[in-house]
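Shown next, in structure tokens, is the structure this report addresses.
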């Protein structure tokens with residue numbers, strides 16, 4: 004007997020948002036993976052962040068999505084100091100490019116897999132930084148909104164990376 | 004008698020996506036509106052697109068969303084030649100900054116208003132560039148996906164504009 008898969012509107016809507024996250028993440032992956040270790044040392048524009056810093060920054064921001072989305076504990080909190088709390092070149096690089104690339108891939112892979120398990124009702128659940136009381140007043144502050152905000156954050160930095168890559 | 008407003012999961016999901024579009028658009032507005040006519044002539048990085056070109060480019064790309072989303076005819080097709088088909092500085096600027104700013108605001112205002120009228124089922128309808136047959140195979144190619152793609156496109160260029168603004 005042929006198995007019939009029924010997809011509800013809710014599921015289609017959430018699937019479309021998850022697909023947008025995967026699409027932009029795939030572009031970022033492609034950009035980062037095509038760079039040589041030397042190119043990672045280039046700034047996106049004169050005097051601006053190096054590509055290496057952006058890789059670290061995005062790894063940290065995505066790692067922080069685990070607790071923010073109430074999907075578990077984060078993996079590499081020790082990187083915050085280097086890629087979130089301090090600006091580029093303020094501290095020595097804590098990891099080599101190949102190791103940082105592995106962190107980036109691990110974080111995104113585990114995160115995307117966890118997002119794929121969410122039901123529509125879970126997508127509409129509150130994120131960690133809002134109280135039940137405030138969430139009752141503004142149900143738009145849900146997991147879906149966080150993932151779209153992070154997708155746009157990633158696009159924001161992809162735009163900057165595109166400038167550096169054409170220059171290098 | 005108190006009026007009770009029931010919001011379904013579908014509506015909340017679509018509302019969250021529309022809110023993400025409005026949020027990023029609001030940031031773009033704020034960036035563009037804070038620039039002087041002189042600053043619009045600056046490139047986002049040495050040798051790259053001027054802010055004026057990005058304003059024109061984003062206006063054109065958003066204007067093209069009317070037919071793409073099957074929401075009506077577009078307003079300024081004559082701008083494509085300058086801001087989509089040719090690169091920056093290839094042709095003389097067709098409009099002054101103040102007039103282009105008005106076009107930008109008109110397009111976004113009408114577009115966002117039209118998006119606000121869509122029902123969840125309409126959000127999940129196909130976009131113009133896909134046939135009914137292909138859409139049946141891939142229902143992810145819907146209006147919602149287009150709006151998220153354009154929101155990310157806007158964020159991509161916002162990231163570039165942020166570099167120019169700090170420099171200028």
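Chains as they are written, first to last, in the numbering used here: chain A, 4 to 171; chain B, 4 to 171.
In this text, a Cβ means the ideal position worked out from N, Cα and C, and glycines have one as well.
Assigned exposure category for residue 123 (chain A) - 16 Cβ within 10 Å defines buried: Against the first chain, residue 123 (chain A) aligns to sequence position 120. Looking at its Cβ environment, which holds 16 or more other Cβ atoms inside 10 Å, residue 123 (chain A) is buried.
Contact with chain B by residue 151 (chain A), beta-carbon distance below 9 Å: Translated into the one-based positions of the first chain, residue 151 (chain A) becomes position 148. Yes, residue 151 (chain A) lies at the interface with chain B (some Cβ there is under 9 Å from its Cβ).
Cβ-based burial, residue 139 (chain A) [other Cβ within 10 Å; buried from 16]: In the first chain, counting from the first residue as 1, residue 139 (chain A) sits at position 136. Answer is exposed; the Cβ neighbour count stays below 16.
Where residue 46 (chain A) sits in the DSSP three-state scheme: As a first step, residue 46 (chain A) must be located in the first chain, where it is residue number 43. It is a strand residue.
Amino acids of chain B, ordered along the chain, whose beta-carbon sits closer than 7 Å to that of residue 13 (chain A): Taking the first residue of the first chain as 1, we reach residue 13 (chain A) at position 10. The contacting residues are 12, 13 and 16.
Exposure of residue 151 (chain A), with buried meaning 16 or more beta-carbon neighbours within 10 Å: The residue given as residue 151 (chain A) occupies position 148 in the first chain. Counting Cβ neighbours within 10 Å, residue 151 (chain A) comes out buried, since at least 16 surround it.
Neighbour-count burial assignment, residue 46 (chain A), 16 or more Cβ in a 10 Å radius: As a working note, residue 46 (chain A) is residue 43 in the first chain. Classification for residue 46 (chain A): buried.
Supposed contact pair residue 58 (chain B) and residue 43 (chain B) - C-beta distance, whole angstroms, cut 8 Å: The residue you call residue 43 (chain B) lines up with position 40 of the second chain. The residue you call residue 58 (chain B) lines up with position 55 of the second chain. Residue 43 (chain B) to residue 58 (chain B), Cβ: 7 Å. Contact.
Counted within 10 angstroms of its Cβ, other Cβ atoms place residue 141 (chain A) as buried (16 or more) or exposed: Taking the first chain and counting its residues from 1, one reaches residue 141 (chain A) at position 138. Looking at its Cβ environment, which holds fewer than 16 other Cβ atoms inside 10 Å, residue 141 (chain A) is exposed.
8 Å contact criterion, which residue 48 (chain A) and residue 166 (chain B) should meet: CB distance rounded: One-based indexing of the first chain puts residue 48 (chain A) at position 45. One-based indexing of the second chain puts residue 166 (chain B) at position 163. Between residue 166 (chain B) and residue 48 (chain A) the Cβ distance is about 5 Å, and since that is below 8 Å, they are a contact.
DSSP bridge partner residues for residue 73 (chain A) (one or two, in chain order): Mapped onto the first chain, residue 73 (chain A) falls at position 70. Its beta-bridge partners do not exist; DSSP assigns none.
Where residue 129 (chain B) sits in the DSSP three-state scheme: Indexing the second chain from 1 puts residue 129 (chain B) at position 126. Strand at residue 129 (chain B).
Top-ranked residue by Cα proximity to residue 102 (chain A), from A:143, A:55 and A:130: Within the first chain, residue 102 (chain A) is the residue found at index 99, counting from 1. Nearest of A:143, A:55 and A:130 to residue 102 (chain A), Cα basis: A:55.
Test: residue 19 (chain B) CB closer than 9 Å to a CB of chain A: The residue given as residue 19 (chain B) occupies position 16 in the second chain. Interface residue, yes.
Interface positions of the region 56-67 of chain B facing chain A (Cβ-Cβ less than 7 Å), listed along the chain: none
Reduced DSSP secondary structure (H/G/I, E/B, other) of residue 145 (chain B): Here residue 145 (chain B) refers to the residue found at position 142 of the second chain. Residue 145 (chain B): strand per DSSP, three-state reduction.
Spatial distance of residue 76 (chain A) from residue 146 (chain A) (CA atoms): Along the first chain, one-based indexing puts residue 76 (chain A) at 73. Along the first chain, one-based indexing puts residue 146 (chain A) at 143. If you take the alpha carbons of residue 76 (chain A) and residue 146 (chain A), they lie about 16 Å apart.
Simplified DSSP state of residue 67 (chain B), which is helix, strand or coil: By one-based count along the second chain, residue 67 (chain B) stands at place 64. It is coil, neither helix nor strand.
Cβ of residue 119 (chain A) within 9 Å of any chain B Cβ: Here residue 119 (chain A) is taken as the residue at index 116 of the first chain, counted from 1. No, because no Cβ of chain B sits closer than 9 Å to the Cβ of residue 119 (chain A).
Cβ of residue 111 (chain B) within 9 Å of any chain A Cβ: Within the second chain, residue 111 (chain B) is the residue found at index 108, counting from 1. So no, residue 111 (chain B) is outside the interface.
Same chain only: Cβ atoms within 7 Å of residue 21 (chain B), ignoring 5 sequence neighbours per side: Counting from one through the second chain, the residue named residue 21 (chain B) turns up at place 18. Excluding residues within five positions, the ones whose Cβ falls inside 7 Å are 118 and 119.
Closest residue to residue 92 (chain A) among A:52, A:131 and A:83 (Cα-Cα distance): In the first chain, the residue the question calls residue 92 (chain A) occupies position 89. Selected option, being the one with the closest Cα: A:52.
For residue 30 (chain A), three-class secondary structure by DSSP: Reading the first chain from its first residue, position 27 is the one you call residue 30 (chain A). Three-state result, residue 30 (chain A): helix.
Rounded Cβ spacing between residue 127 (chain B) and residue 16 (chain A) (contact assumed at less than 8 Å): Position 124 of the second chain, counting from 1, holds the residue named residue 127 (chain B). Position 13 of the first chain, counting from 1, holds the residue named residue 16 (chain A). Going by Cβ atoms, the distance from residue 127 (chain B) to residue 16 (chain A) rounds to 7 Å, so yes, they are a contact pair.
Selection of the region 94-109 of chain A by Cβ proximity to chain B, strictly under 8 Å: none
Under the three-state DSSP convention, the category residue 92 (chain A) falls into: Counted from its first residue, the first chain places residue 92 (chain A) at position 89. Looking at residue 92 (chain A) - three-state DSSP - the assignment turns out to be coil, as it is neither helix nor strand.
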